[in-house]
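Heads up, the thing below is written out as structure tokens.
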Amino acid sequence: MRTQFLKPKFLKLTGGLMAAAMLLAGCGMQTATDSGGTSGVGKDTNAGEQTAGGNGAGKENTDGEAGQEGETAIGSISYPLNSDKIISWYAEGGLNPHEKFVDASESPFHVGLSEQLGVDIEWVFPTTGANGGTFTTTLLADPGSLPNIMQVYWMNNANQYLTDEIIWDLTDYIQEYAPDYYAWLQSNPTYDRAMKTDAGQYYAFGFFREDGGWNDSYLGPVVRQDWLEECGLEIPTTISEFENVIKVFNEKYGATFNASNTRYREQGLAGAFGSNGNYALNNGWYVEDGKVGLSQAEEGWHAHVSWQNKLWEAGLMDQDILTEDDTTIKDKIHNDKCGISITSMGQMNNWNLEREASGKDPVWIGIPNPTSDDGEIFSIFGGPGIGIHTVVITTTADEETMKLCLQMLNYAYTEEGSLYWNYGKEGVSWEYDAEGVPAFTALVTEDTDTDPMTKYNGLTWGACGIQATNLLYLKNSRAAIEANDTWYYVYPDDEAKNLAVTSEWKWPVGVTFTTEEADELDEIAQNLPTFVEESYAAFLTGSKDIDDDTVWNQYISDLESYSLSRILEIRQDCYDRYLAR
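Numbering-wise (our numbering), the sequence shown opens with residue 1021 and increments by one.
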């Protein structure tokens, strides 16, 4: 099954934004103002957009006009906002300036966003080489000095940060000061559910993929097509066929199965063994028939890891797989030391581009996630098209500054703002093509740097906004797009069955623990991920025999010593509340 190419994707996104805008207009929504009156939202008959009056930071637009010359009326907000405030904005990941730039002051996207918004932004990023999560924790040590806007991964603990008054509860402000974002959330109950707490408090701006889960399955198995042909092999579809390709490539080329640990740790090939999750605990939590479980405590995971251990012992798996990253693996990819792997569509695209740059043919293609030998597959790497990024406003912003921040973040969910976040500035980094679809200009397409579009856009990796599928089409080769299709469309003729395998098994995006639950988990759950990862490494390398019943039973017993039963109980309660929102 093929996804539609280019034009329908763009039209779908812009159409969706317009429909969301009209949703609020059609409902005749009324929102409270600071003075206790109302701010009516009407429909702009010229543009199909909303216009409204309102108090708050930036330019007011009390009569529904476009505002002063040079301003653009979008939704109920006129851009640029023309504020004299300086807003500090932290991004734990996803928004770092391109590697060619020293800092944000050299980055066309970051400089241009300030111009589009009419607000000076002081950007903050983790220091080079620092772990993003660790750096964020360091910032939290001084809550009174936090940046005004923070892009972090705080969904599960949102209640804690609200209770501690570290972030703003946006519920009373979101409709008036971020109307386009609010309309987007109302366009899909799943979006709305993910962006608020069990008590209905809106607290964050989210990252969404235009086509739902399609690009959440951006990672999967790849193979060298030329080697398959030289060896007379078909594309493997079952786990035994997959293993046979590894063996044949090892015999003929001396190559081993290898992957960057950042690509392998989440899922591996668990679905072929009736499991999900490899050794990253976060991908091991699952839901089946309404019950929360942990795959790393079950027989399917045992079988998956046992299979990997046999590859290791036979010399068929690269011994660096636990420490390999996207950079170090390239030496083996480009020197014929690996012919079958698991990676992302973007990395596969880079491998092929780098081969072409060195005068070689692009040979890497995506192949299906292998099934069990009886044709069943339990799960693949995937998701619902909602990112785990949360962009929050901290209480270092006073009320008026918070309203300004809301308006700034709202921009990404407008039609004009979405174009900027996805492609950059029109006439510079992109133009409409003959079919009326955004296409990058030569400034991007002839730039030989890695991922040059990230010099100009902000949604290649993930931030506040709606990632256009067309952006992914422009960024990647047709072979990479076909790889994503291959990974995602496990059951192309059965949507319900496909969703069950790609996303419905996953612990949902947007669940929130209560403050009491978060405190308890802080006490009992902190060491469980490390224990699972260390156990996996021992099982993989054979220092512990996973097929020895005594060893396996001791591992299960040890999981209980890390409070697994209580953790599952807390997660079950949390999941049940999420469903009841």
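Just so you know, even glycine gets a beta-carbon here, dropped at the ideal spot from N, CA and C.
query	result
Look up TYR1452 in the DSSP assignment and say whether it is helix, strand or coil.	strand
Do you know offhand how far GLY1114's Cα is from THR1480's?	8 Å
Alpha carbon to alpha carbon, how far is ILE1590 from GLU1537? Give it in angstroms, no decimals.	7 Å
Are the beta-carbon atoms belonging to ALA1111 and PHE1155 less than 8 Å from one another?	no
So that I know if they touch, is there some Cβ in chain B lying closer than 8 Å to that of GLN1574?	Reference to chain B is not applicable here, since this structure consists of a single protein chain.
Within its chain, find whatever has a CB closer than 6 Å to the CB of LEU1491; leave out the 5 residues flanking it on each side and keep chain order.	ASN1442
Pull up the DSSP beta-bridge partners for VAL1172, would you.	THR1410
Taking the CB atoms as reference points, tell me whether THR1416 and LEU1579 lie closer together than 8 Å.	no
Can you grab the Cα-Cα spacing for the pair LEU1429 / TYR1197, in whole Å?	10 Å
Between which two residues does the alpha helix (DSSP H) harbouring THR1421 extend?	1419 to 1430
For ASN1168, count neighbouring C-beta atoms within 10 Å of its own C-beta (all shown protein chains included) and say buried if the count is 16 or more, exposed if not.	buried
Does the separation of the CB atoms of ILE1408 and VAL1243 fall below 8 Å?	no
What's the C-alpha gap between GLU1089 and GLN1195?	Model confidence at GLU1089 stands at a pLDDT of 47, short of 50, so the residue's coordinates are unreliable; what they give is reported in the following sentence. Straight-line Cα distance between these residues: approximately 26 Å.
For TYR1606, does the three-state DSSP call read helix, strand or coil?	Because the chain here runs from 1021 to 1601, residue 1606 falls outside it and cannot be looked at.
My guess is that LYS1475 and PRO1209 are in contact by the Cβ rule of under 8 Å, so how many angstroms apart are they, rounded?	At roughly 37 Å, the Cβ-Cβ gap does not stay under 8 Å, so LYS1475 and PRO1209 are not in contact.
Mind checking whether ASP1356 and ALA1275 have CB atoms under 8 Å apart?	yes
Kindly list the residues whose CB is nearer than 7 Å to the CB of ALA1214, restricted to its own chain and excluding five residues on each side of it in sequence; keep chain order.	GLY1226, ILE1406, VAL1529 and GLY1530
In this structure, does DSSP put THR1157 in helix, strand or coil?	helix
Less than 8 Å separating the beta-carbons of ILE1106 and ASP1162?	no
Is the CB-CB distance between GLY1403 and SER1207 below 8 Å?	no
In terms of residues, what are the limits of the alpha helix (DSSP H) holding SER1581?	1569 to 1581
Applying the 10 Å Cβ sphere with the 16-neighbour rule, what's the burial state of ILE1576?	exposed
Name the one or two DSSP bridge partners that ASP1140 has.	ILE1106
Looking only at its own chain, which residues have a Cβ that is under 6 Å from the Cβ of THR1257, when we skip the five neighbours before and after it?	PRO1388
What first and last residue would you give for the alpha helix (DSSP H) that runs through PRO1209?	1209 to 1214
Going by DSSP in three states, PRO1512 sits in which element: helix, strand or coil?	coil
Which word fits THR1217, buried or exposed, when buried means at least 16 other C-beta atoms lie within 10 angstroms of its C-beta?	buried
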